[in-house]
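Student: This is the structure I want to talk about, given as structure tokens.
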Amino acid sequence: MPQLNETHDPKLKSWVASANASGTDFPVQNLPYGIFRKRGSNEAPRAGVAIGDQILDVSAAAAHLNGAAADAAALCGAPVLNDFMAAGSEAWSALRKGLSELLREGGPADALSGALTAQSDAEMFVPANIGDFTDFWANLNHASNAGAINRPDNPLLPNYKWIPVAYHSRSSSFTVSGVPVKRPKGQLKPPTAEVPELKPCGRLDYELEIGIYLGPGNELGSAIAIDDAEDHVFGCCVLNDWSARDIQAWEYVPLGPFHGKNYGTTISPWIVTMEALAPFRTAALKRPDDDPKPLPYLSSKSNEENGGLDIQMEVLVSSQKMRDDGVPPALLGASKFKDMYWTVAQMITHHAVGGCNFRPGDVCGSGTISGETPDSYGSLLELSWAATRPFNLPSGEERTFLADGDEVIMRGYCQAEGAARIGFGDCSAVILPADK
Ligand code: CA
């Protein structure tokens with residue numbers, strides 16, 4: 065697990081003035097990676113780090129770096145971050161230190177100012193070749209709520225407190241923040257209908273999640289010990305696991321989600337590294353005394369004491385009418401990643417225990433991050449309680465699930481005493497109508 069070092073010092077300032085603005089997601093203590101190019105250009109997509117409202121081209125900065133930092137920067141000219149992710153924590157840490165020194169006050173501003181691109185002028189890309197995507201269900205509040213809605217007599221299945229439950233999903237339909245998502249069609253069979261029909265989804269939902277990018281993988285057939293799990297994790301993004309509840313309800317028994325989930329996953333373009341998150345480590349959620357203890361392979365002192373991550377999550381919605389009228393997006397849910405029932409290390413360790421291999425650039429979703437009260441729910445399934453509790457947007461428009469033209473905006477940020485606030489940037493997308 066990365067340790068605190070000089071790159072986390074809250075007193076550090078950058079020569080990029082916008083990185084010193086209060087409330088910025090991207091101070092010099094963050095330095096998240098993304099893949100970008102100047103919008104409308106034929107430039108090759110390549111790695112950059114976000115700094116204030118700018119992006120530093122990592123390859124262009126490489127000439128000012130030495131040793132391991134220069135070697136690591138040389139991996140960042142590719143259009144995906146997989147090779148850099150595979151390089152491991154020493155390489156990641158060396159480059160972070162090098163970039164931190166270059167971007168601090170007193171760094172070579174004149175030499176590097178030409179290597180900056182304004183984020184407002186940049187086109188962002190999915191930052192890795194994501195070979196596989198597994199989505200967990202690691203939040204007990206969400207699992208209990210979804211269970212209570214779908215199975216009122218038997219809300220939480222007996223495996224939940226033993227297994228970090230997950231399903232394997234699709235990586236081909238990942239898109240980066242800003243790319244619209246088309247309402248899917250699928251088989252719908254309301255309880256009153258005799259036979260299903262192929263129709264546009266009528267219960268389109270979001271799921272507020274953290275995405276976890278894998279760094280070095282594991283060999284096929286080899287497990288990952290829990291205290292080694294985070295050596296395999298490069299960093300995190302905000303992830304929206306779009307969910308078609310009516311399609312899901314008809315198809316999910318017995319093999320789980322399929323068309324309800326596979327048409328789109330939106331991610332924030334920036335990957336906040338585990339090293340940048342070091343000041344925001346916290347204890348894993350304390351289990352009630354009468355809950356089962358995790359099996360030994362999912363349990364360690366280090367995981368109990370530091371396995372949590374204190375990330376504040378938010379989901380906001382704005383309708384087309386709200387945007388036309390200049391009404392700001394409405395906050396529908398605010399929750400905390402530290403409230404997950406299973407930690408990142410437990411998810412990674414469980415995933416590999418049967419010998420399944422991770423590869424660099426794979427993504428695991430955390431599962432919907434919900435708190436205990438409706439203002440902290442991370443999905444509309446919960447907020448509208450499966451459409452039985454409609455609510456109004458500030459425009460007066462009623463919602464249960466998403467309407468065409470709605471924009472869903474997800475955010476994550478971390479703040480703690482003695483640390484600089486860092487954020488993940490937006491994960492947003494507008495819903496387009498289904499095909500005719
Ligand atoms: Ca999910």
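Heads up, the sequence shown is in the working numbering, so the first residue is 65 and it goes up one at a time. Even glycine gets a Cβ: it sits at the ideal position worked out from N, Cα and C.
1) Thinking C-beta only, is Ala111 closer than 8 Å to Leu145?
2) Kindly list the residues whose CB is nearer than 7 Å to the CB of Lys161, restricted to its own chain and excluding five residues on each side of it in sequence; keep chain order.
3) Go ahead and pull the three-state DSSP assignment for Tyr316.
4) Taking the DSSP output, what are the residues bridged to Asn304?
5) For Gly98 and Val113, what's the separation of their Cα atoms in angstroms?
6) Enumerate, from N- to C-terminal direction, the unbroken alpha helix (DSSP H) stretches of 4 or more residues contained entirely within the segment 194-253.
7) Buried or exposed: where does Thr432 fall if 16 or more other Cβ atoms within 10 Å of its Cβ makes it buried?
8) Specify the secondary structure class of Ser78 as computed by DSSP and reduced to three states.
9) Could you check the C-alpha separation between Gly170 and Asp117 for me, to the nearest Å?
10) For the segment 313-325 against the segment 243-254, do three or more pairs of beta-carbon atoms, one drawn from each stretch, fall closer than 8 Å, so that the two count as touching?
11) For ligand 1, I want to know if Gly482 counts as a neighbour, meaning its beta carbon is within less than 7 Å of at least one of the ligand's heavy atoms.
12) Measuring straight from C-alpha to C-alpha, what distance separates Thr346 and Phe401?
13) Which of the three DSSP states is assigned to Arg351 in this structure?
14) What number of angstroms, rounded off, separates the C-alpha of Leu166 from the C-alpha of Pro172?
15) Would you say Pro66 and Glu369 are within 8 Å of each other, going by their C-beta atoms?
16) So, are the CB atoms of Val92 and Ser82 less than 8 Å apart?
17) Note down, in chain order, each residue of its chain lying with its Cβ closer than 7 Å to the Cβ of Asp310, except the 5 sequence neighbours on either side.
18) Closer than 7 Å: is that where the CB of Thr432 sits relative to any heavy atom of ligand 1?
19) Three-state secondary structure (DSSP) at Cys140?
20) Can you list, in chain order, the residues of its chain with a C-beta nearer than 6 Å to that of Asn304? Leave out the 5 residues immediately preceding and following it.
21) Can you tell me whether Phe455 is buried or exposed? The criterion is at least 16 other CB atoms within 10 Å of its CB, across all chains shown.
22) Looking only at its own chain, which residues have a Cβ that is under 7 Å from the Cβ of Arg247, when we skip the five neighbours before and after it?
23) At a cut-off of 7 Å, is Gly429 close to ligand 1 when judged by its beta-carbon and the heavy atoms of the ligand?
24) Would you report the Cα separation of Glu461 and Thr452, rounded to the nearest angstrom?
25) Drop a sphere of 10 angstroms on the beta-carbon of Asp121, count the other beta-carbons inside from all chains shown, and report buried for 16 or more, exposed for fewer.
26) Could you name the residues whose beta carbon sits closer than 5 Å to any heavy atom belonging to ligand 1, keeping them in chain order?
27) Taking Ile290 and Ser364 to be in contact with their CB atoms under 8 Å, please state how far apart those CB atoms are, rounded to whole angstroms.
28) Give the DSSP-derived three-state secondary structure of Arg387 in the structure shown.
Tutor: In brief:
1) yes
2) Thr71, Ala133
3) coil
4) Leu272, Thr330
5) 6 Å
6) 204-214
7) buried
8) strand
9) 19 Å
10) yes
11) no
12) 10 Å
13) coil
14) 6 Å
15) no
16) no
17) Leu252, Cys265, Gly266, Arg267
18) yes
19) helix
20) Tyr270, Thr330, Met474, Cys491
21) exposed
22) Pro264, Cys265, Leu268, Asp468, Ile495, Leu496, Pro497, Ala498
23) yes
24) 16 Å
25) buried
26) Asp199, Glu271, Asp305
27) 5 Å
28) helix
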